[in-house]
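Trainee: Here it is, the structure, as structure tokens.
Numbering (the UniProt record's numbering), first residue to last: 1 to 150.
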């Protein structure tokens, strides 16, 4: 049987990854930034973006989300490897949406993560987004008026 603390750590890290998607989807910028350890990074090499530190992460997410007419992200659990108060992991992502300029976007990607245990629980030390498939074909559907981002 596994040590209960190992199971608890895995559950907490999975909850952290779920909070990331939920906070971004609900435009809760402060909660989103708080998921990162101080002075840690969120990187998206495919678009040349790296946000370091909570303030930059918060401001960067808000700027990115303001570009979208609508945006949907689903995340699927990947692996978690624990090493004391640090861990590494991967999460698999599907995203689609349309930007205000009319461009459409569908991708499948992987988050390569590093986690750190803090006094507030597990936090991201770094998230690096690797796009594995990208389709910019115009999306045929639309979001209901109530679902549009403001």
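Heads up, the beta-carbon is just placed ideally off N, CA and C, and yes, glycines get one too.
Determine, using beta carbons only, whether residue 40 and residue 125 come nearer to each other than 8 Å.
Mentor: yes
Trainee: Short check: CB of residue 113 to CB of residue 84, under 8 Å?
Mentor: no
Trainee: Three-state secondary structure (DSSP) at residue 39?
Mentor: strand
Trainee: With DSSP as the reference, label residue 18 as helix, strand or coil.
Mentor: helix
Trainee: Run through DSSP, which three-state label would residue 143 get?
Mentor: In this structure, residue 143 counts as coil in the three-state DSSP scheme.
Trainee: Rounded to whole angstroms, what's the CA-CA distance from residue 5 to residue 134? Just pull it up for me.
Mentor: 39 Å
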